[in-house]
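Here is the structure we will look at.
Numbering (our numbering), first residue to last: 60 to 856.
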């Protein structure tokens with residue numbers, strides 16, 4: 060009845076203990092649960108969302124996940140309801156061994172969020188293992204002379220459970236000679252020794268068989284047993300005795316092989332062979348101990364023969380026996396406790412967990428990128444670690460928990476400057492000398508549309524020859540966008556108008572590559588240059604754009620023939636000029652004035668005689684167009700002379716025009732006037748020829764007089780404002796109907812024709828032409844007429 064009540068009370072205490080351990084607590088952002096081992100897969104541990112106060116929608120949308128340092132995913136979280144559950148079978152004995160407190164740590168990470176939560180689950184041991192002995196039978200030999208009170212160490216039972224579930228006691232089957240004495244070792248394990256309570260008498264009983272049972276403190280209680288076979292020996296009744304019942308020694312880990320550990324010594328009061336002592340490890344010594352240490356059987360010296368590692372075991376308990384050479388053999392027992400001293404032989408281990416594989420370049424400061432856990436298997440100062448990264452990167456380490464760090468952004472990122480970061484992490488301990496570990500984290504920066512398309516220059520100058528072919532490419536305005544993918548896809552278009560018309564009526568731009576095409580043929584004489592704005596726009600959201608100015612300059616082409624302004628000819632006839640017979644050599648007969656709508660070399664005119672009645676009588680200035688007598692006029696020269704003048708420009712190919720001039724040679728201009736007076740008194744004698752000569756002479760005199768007056772007026776006007784009028788190298792004046800000194804009266808307003816070499820060209824009814832006055836000639840001459848350089852159109856002059 061009392062036993063039943065005791066078991067009920069024990070069960071109640073266990074239930075209370077499990078309930079208290081299952082209660083969670085949140086301290087400094089941590090949460091802790093307890094769960095027994097061997098729970099089935101899918102068993103619920105706790106609701107993390109409720110316990111941490113997390114919003115399920117935030118947990119689900121943020122792609123919350125559980126991160127741990129273990130290869131097996133023992134735990135998992137359901138992001139839909141926040142339940143933490145068992146994902147893999149947990150064997151506490153396999154996971155933590157003999158460690159008293161077995162804890163699985165984990166972190167809850169919400170992607171794209173600076174928040175991180177840490178939790179621990181303590182794995183509670185359940186009594187799922189029974190105590191067991193290494194051997195099914197323990198063989199002992201005892202001399203009959205051994206006095207009562209002698210103790211014989213027995214092999215301890217093994218139980219992988221911990222706490223109350225491990226071995227708590229031993230018992231032996233009832234007998235009158237032997238008892239059992241249980242002890243607790245320094246490491247907390249229970250040991251048992253067989254105690255002789257009554258003197259042995261071999262002649263009365265030579266052997267004994269006992270059952271040794273080991274029990275644990277679990278519920279339900281489990282047990283294991285082994286058989287003890289004792290043989291009673293005769294004679295040699297003194298066992299060797301060690302100097303110390305327990306030897307204690309300290310030894311540095313990683314000690315080289317052959318390092319002396321300790322020398323044990325035992326003495327036997329017997330004589331002869333019964334006093335010769337041999338040392339050996341007892342049967343209780345584990346296989347691991349025998350691999351790490353060696354014992355000299357003659358001297359009792361223990362040496363290192365394996366590699367000691369403090370991280371595997373911090374201490375060793377070795378059972379040593381000293382046996383004499385008597386018959387039967389009697390052995391004494393002692394224990395050697397070896398404490399392993401830690402040295403700094405383990406460098407820190409860096410474990411990295413990426414929160415996000417890519418970081419957007421517009422990520423805010425403080426965004427968590429990587430979770431870092433630094434582990435050092437050493438202890439004390441040798442296990443205290445520090446961690447750092449370079450200062451020249453836009454990231455920094457932030458301590459979250461002990462030996463846990465968060466790598467966060469410390470500045471704004473720019474993918475176009477640095478698209479990939481290789482960040483070295485250095486972790487070192489506080490040992491002497493310190494050990495360190497390096498690890499490189501690779502962080503990719505993802506693109507956002509933060510760059511406008513860039514033209515190589517803000518403005519471009521394009522030269523296009525006039526009379527170009529419509530549809531031909533004239534230029535390619537290309538912009539570069541350093542962004543990626545659709546953020547770098549650039550399309551092109553025009554902005555604004557051109558001469559109050561859409562640009563699209565003149566030009567077209569390829570929206571994909573920025574190539575500009577002319578939609579019409581340009582005419583230099585009507586449009587010399589214009590500007591258009593080309594806009595480059597990317598495909599980002601929102602889209603960004605920039606523009607550049609394209610200056611289009613039309614180049615002149617020799618597509619206009621020279622236009623002869625003076626001398627003019629009447630319709631259907633050649634121009635007429637009168638030359639006195641008294642004219643000497645180099646006499647200026649007339650001057651050919653011509654203009655060309657082109658510019659530059661295309662408007663540079665030259666003059667030459669194409670055909671003449673008498674080639675030796677007249678010549679023409681190559682550049683001036685002045686027709687002068689090449690020699691004096693002789694009486695035998697024909698009174699009617701025809702001269703065809705070719706006017707051509709300097710273009711490639713050259714264009715030309717011709718004019719035909721009829722010269723009349725008069726004997727004496729003064730006599731002509733006298734004869735004309737007489738003829739006027741006698742109208743009957745006035746012939747048509749004389750009347751024609753009178754009209755010509757009168758017209759010529761009037762034109763000459765008007766020309767002189769006009770030149771004097773222009774000269775006077777230039778003198779009054781010469782500093783303003785001749786700031787430029789060449790000044791162009793527009794000569795019209797009323798001021799043309801070289802036109803014949805009203806002939807400029809009539810429909811004119813002139814005869815060329817084999818052709819008759821129709822002149823326009825009304826026209827203007829340009830003359831140039833240079834500053835040097837203004838100072839020395841009244842006028843120096845020549846084609847404008849550079850030429851200008853009639854509308855501009």
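By construction, the Cβ of each residue, glycine as well, lies at the ideal position given by its N, Cα and C atoms.
Open item on the list: Buried or exposed, going by whether 16 or more other CB atoms sit within 10 Å of the CB of residue 458?
Closed with: When all chains shown are included, residue 458 counts as exposed.
Tell me the DSSP secondary structure of residue 125 in three-state form. Residue state, collapsed to three classes: strand.
Check your understanding: Which residue from 599, 565 and 627 puts its Cα closest to that of residue 611?
Key -> Comparing Cα positions, the closest option is 565.
TODO: Report yes if the CB atom of residue 181 is closer than 8 Å to the CB atom of residue 142, and no otherwise.
DONE: In this structure, residue 142 does not lie closer than 8 Å to residue 181 by Cβ.
- Query: With residue 590 and residue 554 assumed to form a contact (beta carbons below 8 Å), what rounded beta-carbon distance in angstroms separates them?
  - Reply: About 11 Å separates the Cβ atoms of residue 590 and residue 554, ruling out a contact at the 8 Å cut-off.
Output the distance between the C-alpha atoms of residue 214 and residue 327, rounded to the nearest integer angstrom. So the alpha carbons of these two residues sit roughly 24 Å apart.
- Figure out for me which residue from 508, 385 and 349 has the closest Cα to the Cα of residue 421. Ranking the options by Cα distance to residue 421, first place goes to 508.
Here's the rule: buried if 16 or more other CB atoms are within 10 angstroms of the residue's CB, otherwise exposed. What is residue 729?
Model confidence at residue 729 stands at a pLDDT of 47, short of 50, so the residue's coordinates are unreliable; what they give is reported in the following sentence. Taking all protein chains in view, the Cβ of residue 729 is surrounded by fewer than 16 other Cβ atoms within 10 Å, so the residue is classified as exposed.
Just checking my contact of residue 212 with residue 252 at CB under 8 Å: how many whole Å lie between their CB atoms? Residue 212 to residue 252, Cβ: 5 Å. Contact.
Considering only the alpha carbon of each residue, which of 464, 412 and 513 lies closest to residue 608? Ranking 464, 412 and 513 by Cα distance to residue 608 puts 513 first.
- Where does residue 501 land, buried or exposed, given buried means 16+ other C-beta within 10 angstroms? Flag for residue 501 reads exposed.
Worksheet item: Leaving out the 5 sequence neighbours to the left and right, which residues in its chain are closer than 8 Å to residue 563 when beta-carbon positions are compared?
Response: If you ignore the 5 residues before and after residue 563, its C-beta comes within less than 8 Å of the C-beta of 553 and 578, all in its own chain and listed in chain order.
inquiry  = On the DSSP letters alone, give me the boundaries of the alpha helix (DSSP H) that residue 350 sits inside.
reply    = Run containing residue 350: 346-351, per the alpha helix (DSSP H) assignment.
Worksheet entry | Counted within 10 angstroms of its Cβ, other Cβ atoms place residue 446 as buried (16 or more) or exposed | So residue 446 ends up on the buried side.
- request: Under 8 Å Cβ to Cβ from residue 751, same chain only, skipping five residues before and after it: list those, please.
  value: If we look at residue 751 and ignore the five residues flanking it on each side, it has no Cβ neighbours.
What does the Cβ neighbour count give for residue 236, buried or exposed, with the cut at 16 atoms within 10 Å?
Burial call: buried.
Taking only the alpha-carbon atoms, compute the straight-line gap between residue 291 and residue 353 and give it to the nearest angstrom. Residue 291 and residue 353 have their C-alpha atoms spaced approximately 31 Å apart.
Work out the CA separation of residue 248 and residue 198 for me, nearest whole Å.
-> Whole-angstrom Cα-Cα distance: 23 Å.
TODO: With a 10 Å radius around its C-beta and 16 neighbouring C-beta atoms as the bar for buried, classify residue 645 as buried or exposed.
DONE: Under this definition residue 645 is an exposed residue.
| said: Considering just the uninterrupted stretch of the beta strand (DSSP E) at residue 109, what are its terminal residues? | reply: It is not in any beta strand (DSSP E) - residue 109 instead sits in the alpha helix (DSSP H) that spans 107-111.
query = Expressed to the nearest angstrom, what Euclidean distance is found between the alpha-carbon atoms of residue 183 and residue 95?
reply = CA-to-CA, the gap between residue 183 and residue 95 works out to about 4 Å.
Check your understanding: What residue from 622, 686 and 637 has the CA that sits closest to residue 647's CA?
Key -> The shortest C-alpha separation from residue 647 is found at 686.
- Using the Cα positions of residue 202 and residue 295, report the straight-line distance between them to the nearest angstrom. Between residue 202 and residue 295, the C-alpha separation is close to 7 Å.
- Among 467, 587, 540 and 521, the one whose alpha carbon lies nearest that of residue 558: Cα-wise, what sits closest to residue 558 is 587.
The region 666-673 / the region 697-708 touching (three or more Cβ pairs under 8 Å)
Below 8 Å, enough C-beta pairs join the region 666-673 and the region 697-708 to call them touching: three or more.
TODO: Give the straight-line distance between the Cα atoms of residue 639 and residue 773, rounded to the nearest whole angstrom.
DONE: If I take the Cα positions, the gap works out to 29 Å.
Item to check | Unbroken stretches of the beta strand (DSSP E), 3 residues or longer, contained in the region 485-542 | outcome: Whole beta strand (DSSP E) segments, 3+ residues: 495-505, 518-524 and 532-535.
Q.
I need the straight-line Cα distance from residue 187 to residue 288, nearest angstrom please.
A. Taken atom to atom, the span from the alpha-carbon of residue 187 to that of residue 288 is near 30 Å.
Review point. From residue 615 to residue 662, what distance separates their C-alpha atoms?
Key: Rounded to whole angstroms, residue 615 to residue 662 spans 10 Å at the Cα level.
What does the Cβ neighbour count give for residue 166, buried or exposed, with the cut at 16 atoms within 10 Å? Burial state of residue 166 is buried, judged by a 10 Å Cβ sphere holding 16 or more other Cβ atoms.
Excluding the 5 residues preceding and the 5 following residue 316 in the sequence, name in chain order all residues of the same chain whose CB lies nearer than 7 Å to its CB. Closer than 7 Å at Cβ, skipping near neighbours: 363 and 364.
ask   = Hey, out of 635, 617 and 677, whose CA is closest to residue 642's CA?
value = Checking every option, the nearest Cα to that of residue 642 belongs to 677.
key: Whole-Å CB distance - residue 545 paired with residue 598, under 8 Å assumed   = That pair is a contact at about 4 Å.
**Alpha-carbon spacing of residue 132 relative to residue 146, whole angstroms** = As the crow flies, the alpha-carbon of residue 132 is around 6 Å from that of residue 146.
_Starting from residue 380, trace the beta strand (DSSP E) in both directions and tell me its first and last residue._
The continuous beta strand (DSSP E) containing residue 380 extends over residues 374-383.
Using a 10 Å radius around the Cβ and a threshold of 16 neighbouring Cβ atoms, would you call residue 148 buried or exposed?
Under this definition residue 148 is an exposed residue.
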